[in-house]
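There are 2 protein chains.
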Amino acid sequence: MATPPLREPLTQQRVVERAIEIADSDGLDAVSMRALGDALGVVPMALYKHVANKDQLLDLMVDVIVLEMRLEHPSSAAWKPAARERLLYARTAMENHPWAWRAIETREAPSPVALDHIEAMIATLRSGGLSPRLVHHVMHTLGSRLWGFAQEVFASAPPPTDPAQLEAAMAFMAQRWPHVLEVAAASSHDPNTVVGGGCDDAAEFAFAIDVILDGAEALHHAPSREWALPDSNR
Amino acid sequence: MATPPLREPLTQQRVVERAIEIADSDGLDAVSMRALGDALGVVPMALYKHVANKDQLLDLMVDVIVLEMRLEHPSSAAWKPAARERLLYARTAMENHPWAWRAIETREAPSPVALDHIEAMIATLRSGGLSPRLVHHVMHTLGSRLWGFAQEVFASAPPPTDPAQLEAAMAFMAQRWPHVLEVAAASSHDPNTVVGGGCDDAAEFAFAIDVILDGAEALHHAPSREWALPDSNR
DNA sequence: CTCACAGGTGTACGCCGTACACCACGAGAA
DNA sequence: TTCTCGTGGTGTACGGCGTACACCTGTGAG
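Chains A and B, in that order, give the protein sequences. First residue of the first sequence? That's 1 in this note's numbering, and the numbers climb one at a time after it. First residue of the second sequence? That's 1 in this note's numbering, and the numbers climb one at a time after it.
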């Protein structure tokens, strides 16, 4: 009799999809070849028939996420709102896959899919008439924000839960790091949730890209400054 | 007889210093407890008498580098040049220890040394009269640049060495990613060294922080925009 | 003289990525 | 029908990692 296969045969796509599911739910560190094999009901070495090694697996995972950042038709034809929309769109993809920035950071060369994303962004900026040189600087300034994330180093230290401990910590900070405390307080409307966790990542991301795009626009309209800036830094 | 010790006894400082030496010369991945033990002529487990675990070792290594970023007296009293100097100074520390950004990124809470650095930067900005709220946004916008590095994702793909291959690659790019190629060309004065490697990281870093600090200054003098920006992003 | 303790040792465990030999099975050629 | 061959899953094993835990040893205080 025609024996139906006991399980779906593996494909590269199935391997990558399952890996992304694991990363989404349990984090990037949970994606080991052994764990991924288990999740697919297969021995770890079987995966190597579909991906060259773990590095290529991560390449492929990243490509899927970067593909999610693709924005065919920005809702505005003007370069600035279009660029803004692209960046915020990339950020939503990143928000859905919080592990992805770590994977992206470890890639060493851009894949074709990544180059497509870069190309789209550059084309948007060039469509506004910004010079290639200025666009180059802007791309560097955007840095990881092109990929929808900002490396917020030391962003979120969770505050102590015990109110007494929190009080003590606040008092100590007020004495040793008064400005940090003041600024942390300013980020939150509720002064009781001052330390850590009080700020809106989406708003900060948007603020940053607005500063950068506004700066780009200013330099575009005052090209003398554009040329002066980089040379003053040697 | 008073036997002189066969070797200097281990101390936490010696352990951390040696670890930094290894990272400086062979990269962060070369710093394993086993390799570090070898380098100190000691069995790996001996290190655990001086550091709690590898994570704490990395904490301590990072603290040493961040301490190198300390700038007691900026050469200008004005907030903008002072902030600029602090950022560029942090960058030189980072340049001497190219592994450090990876170590910094994996820290989950700021150490006191790191908070001192943050405090110094915030104090500098506040000294210019910038509001706590604006300073908060600026700190987020600076992101990792506060620590002297910008995550240049996919920054440097080395171009192929074979001229024929390079020609072919350029031709292919010109067709599929024309804007990328144009912008890459603009980053280099010599059109032959166009693809990759042609740009000056120090200049890009300086450009970026100038855009950010100039943006901060503009918002400081037009506070209506400061308040408008973050709310427009919700 | 004893005793505690700081600091270095040795062994072992459970993870990781992956090299390599092996085998089951279905399709195409003889 | 039989032989062969390639595709894809298996089993075993190696060398690396961080580190838990029991152990030993030399030194200084009581």
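All residues carry an ideal CB built from backbone N, CA and C; glycine is no exception. All of these numbers come straight from a predicted model, not from anything done at the bench.
Continuous alpha helix (DSSP H) stretch holding N257(B): start and end: The structure shown does not extend to residue 257(B), since chain B spans only 1 to 234, so no value can be given for it.
Proximal chain B residues relative to E204(A), where beta-carbon distance stays under 7 Å: Position 204 of the first sequence, counted from the first residue, corresponds to residue 204(A). Here the neighbours are H137, H140.
Assign A23(B) to one of two classes, buried (16 or more other C-beta atoms within 10 Å of its C-beta) or exposed (fewer than that). The sequence position of residue 23(B) within the second sequence is 23, counting from 1. Under this definition A23(B) is a buried residue.
For S25(A), report the span of its alpha helix (DSSP H) as first-last. As a first step, residue 25(A) must be located in the first sequence, where it is residue number 25. Start and end: 12-26.
To the nearest whole angstrom, what separates the beta carbons of A93(A) and E68(A), a pair I think is in contact under 8 Å? Here residue 93(A) corresponds to residue number 93 of the first sequence, with the count starting at 1. Here residue 68(A) corresponds to residue number 68 of the first sequence, with the count starting at 1. With 8 Å as the limit, A93(A) and E68(A) qualify as a contact, their Cβ atoms being about 4 Å apart.
Residues in the segment 91-111 of chain B with C-beta within 8 Å of chain A's C-beta atoms, listed in sequence order? I104, E105, R107, E108, A109, P110
Could one say the Cβ of E217(B) lies closer than 7 Å to chain A's Cβ atoms, at least one of them? Residue mapping note: residue 217(B) aligns to position 217 of the second sequence, counting from 1. So, not an interface residue.
Is the shortest distance between the beta-carbon of F207(A) and the beta-carbons of chain B less than 7 Å? The residue you call residue 207(A) lines up with position 207 of the first sequence. Chain B contact via Cβ: present.
Straight-line Cα distance separating I122(B) from P132(B): Numbered from its first residue, the second sequence carries residue 132(B) at position 132. Numbered from its first residue, the second sequence carries residue 122(B) at position 122. The straight-line gap from Cα to Cα measures roughly 9 Å.
Of the residues V113(A), R18(A), S25(A), P178(A), which one's Cα is nearest the Cα of V42(A)? The count along the first sequence starts at 1 and reaches residue 42(A) at position 42. Per the Cα distances, R18(A).
Roughly how many angstroms separate the alpha carbons of L57(A) and H140(A), rounded to a whole number? For the purposes of this step, residue 57(A) is taken as the residue at position 57 of the first sequence. For the purposes of this step, residue 140(A) is taken as the residue at position 140 of the first sequence. If I take the Cα positions, the gap works out to 27 Å.
Separation of H136(B) from A186(A), as counted between CA atoms: Working through the first sequence from its first residue, we reach residue 186(A) at position 186. Working through the second sequence from its first residue, we reach residue 136(B) at position 136. Approximately 7 Å between the Cα atoms of the pair.
Contact under 7 Å by Cβ, T124(B) with A150(B): Residue 124(B) sits at position 124 when you count from the first residue of the second sequence. Residue 150(B) sits at position 150 when you count from the first residue of the second sequence. It is not a contact, given that the beta carbons lie outside the stated cut-off.
Taking CB distances under 7 Å as the criterion, tell me whether M1(A) reaches chain B. Stepping through the first sequence from its first residue, residue 1(A) is reached at position 1. Caution applies to M1(A), whose pLDDT of 38 falls short of 50 and renders its modelled position unreliable; the value that the coordinates give is listed next. It does not: the Cβ of M1(A) has no partner Cβ on chain B nearer than 7 Å.
Pull up the CB-CB distance for V113(B) and D63(B), whole angstroms please, since I reckon it's below 8 Å. Within the second sequence, numbered from 1, the residue matching residue 113(B) stands at position 113. Within the second sequence, numbered from 1, the residue matching residue 63(B) stands at position 63. About 4 Å separates the two Cβ atoms, so the contact holds.
Give the single residue among A78(A), S75(A), T106(A) whose Cα lies nearest to the Cα of M61(A). Taking the first sequence and counting its residues from 1, the one referred to as residue 61(A) is at position 61. For M61(A), the nearest C-alpha among the options comes from T106(A).
So for H136(A), helix, strand or coil by DSSP? As a first step, residue 136(A) is located in the first sequence; it is residue number 136 there, counting from the start. The answer is helix: DSSP assigns H136(A) an H, G or I state.
If you check the beta carbons only, do V51(A) and H117(A) fall under 7 Å apart? For this step, residue 51(A) is matched to residue 51 along the first sequence. For this step, residue 117(A) is matched to residue 117 along the first sequence. No.
Is the Cβ of E21(B) closer than 7 Å to any Cβ of chain A? As a first step, residue 21(B) is located in the second sequence; it is residue number 21 there, counting from the start. It does not; no Cβ of chain A falls within 7 Å.
Nearest-angstrom Cα separation, counted from A46(A) out to D29(A): Residue mapping note: residue 29(A) aligns to position 29 of the first sequence, counting from 1. Residue mapping note: residue 46(A) aligns to position 46 of the first sequence, counting from 1. Roughly 20 Å separates the two Cα atoms.
Please report the distance separating the alpha-carbon of Q165(A) from that of G129(B). Indexing the first sequence from 1 puts residue 165(A) at position 165. Indexing the second sequence from 1 puts residue 129(B) at position 129. Approximately 32 Å, taken between the alpha carbons.
Rounded separation between A184(B) and E167(B) - CA only: Numbered from 1 along the second sequence, position 184 holds the residue referred to as residue 184(B). Numbered from 1 along the second sequence, position 167 holds the residue referred to as residue 167(B). Those two C-alpha atoms are separated by around 15 Å.
Using a Cβ-Cβ distance cut-off of 7 Å, determine whether S127(B) contacts chain A. Residue 127(B) sits at position 127 when you count from the first residue of the second sequence. No, because no Cβ of chain A sits closer than 7 Å to the Cβ of S127(B).
Which stretch, first to last residue, makes up the alpha helix (DSSP H) that contains D29(B)? Start at 1 with the first residue of the second sequence, and residue 29(B) comes out as number 29. Following the DSSP letters along the chain, one finds D29(B) in no alpha helix (DSSP H), marked with neither H nor E.
Going by C-alpha to C-alpha distance, which of A171(B), R126(B), V16(B) sits closest to A78(B)? Mapped onto the second sequence, residue 78(B) falls at position 78. A78(B) has its Cα closest to that of R126(B), out of A171(B), R126(B), V16(B).
Under 8 Å by Cβ, that's how I've got R145(B) and A218(B) pegged, so tell me the actual separation to the nearest angstrom. Numbered from 1 along the second sequence, position 145 holds the residue referred to as residue 145(B). Numbered from 1 along the second sequence, position 218 holds the residue referred to as residue 218(B). With a Cβ gap of about 18 Å, R145(B) and A218(B) do not count as contacting.
Let me know the secondary structure DSSP gives Q151(A) once reduced to three states. Here residue 151(A) refers to the residue found at position 151 when the first sequence is read from its first residue. Coil, per DSSP.
Rounded to a whole number of angstroms, what is the C-alpha to C-alpha distance between K54(B) and H97(B)? Here residue 54(B) refers to the residue found at position 54 when the second sequence is read from its first residue. Here residue 97(B) refers to the residue found at position 97 when the second sequence is read from its first residue. In a straight line, the C-alpha of K54(B) is about 19 Å away from that of H97(B).
Between V16(B) and E182(B), what straight-line distance do the alpha-carbon atoms span, to the nearest angstrom? Counting from one through the second sequence, the residue named residue 16(B) turns up at place 16. Counting from one through the second sequence, the residue named residue 182(B) turns up at place 182. Going by the C-alpha atoms only, they are around 46 Å apart.
Just tell me which of L213(A), I104(A), L134(A), P163(A) has its CA closest to the CA of H179(B). Here residue 179(B) refers to the residue found at position 179 when the second sequence is read from its first residue. Ranking the options by Cα distance to H179(B), first place goes to L134(A).
Please classify E204(B) as buried or exposed, where buried requires at least 16 neighbouring CB atoms within 10 angstroms. Within the second sequence, residue 204(B) is the residue found at index 204, counting from 1. Buried.
What is the DSSP secondary structure of A169(A), counted as helix, strand or coil? Walking along the first sequence from the start, residue 169(A) turns up at place 169. Here A169(A) sits in helix by DSSP.
Does chain A have any CB closer than 7 Å to the CB of L130(B)? Numbered from its first residue, the second sequence carries residue 130(B) at position 130. It does not; no Cβ of chain A falls within 7 Å.
Could you have a look at R102(A) and say whether DSSP puts it in helix, strand or coil? Here the question's residue 102(A) lines up with position 102 in the first sequence. In the structure shown, R102(A) sits in a helix (DSSP, three-state: H, G or I).
Distance, S188(A) Cα to M170(A) Cα: Locating residue 170(A) in the first sequence gives position 170, counting from the first residue. Locating residue 188(A) in the first sequence gives position 188, counting from the first residue. Each residue's alpha carbon lies about 15 Å from the other.
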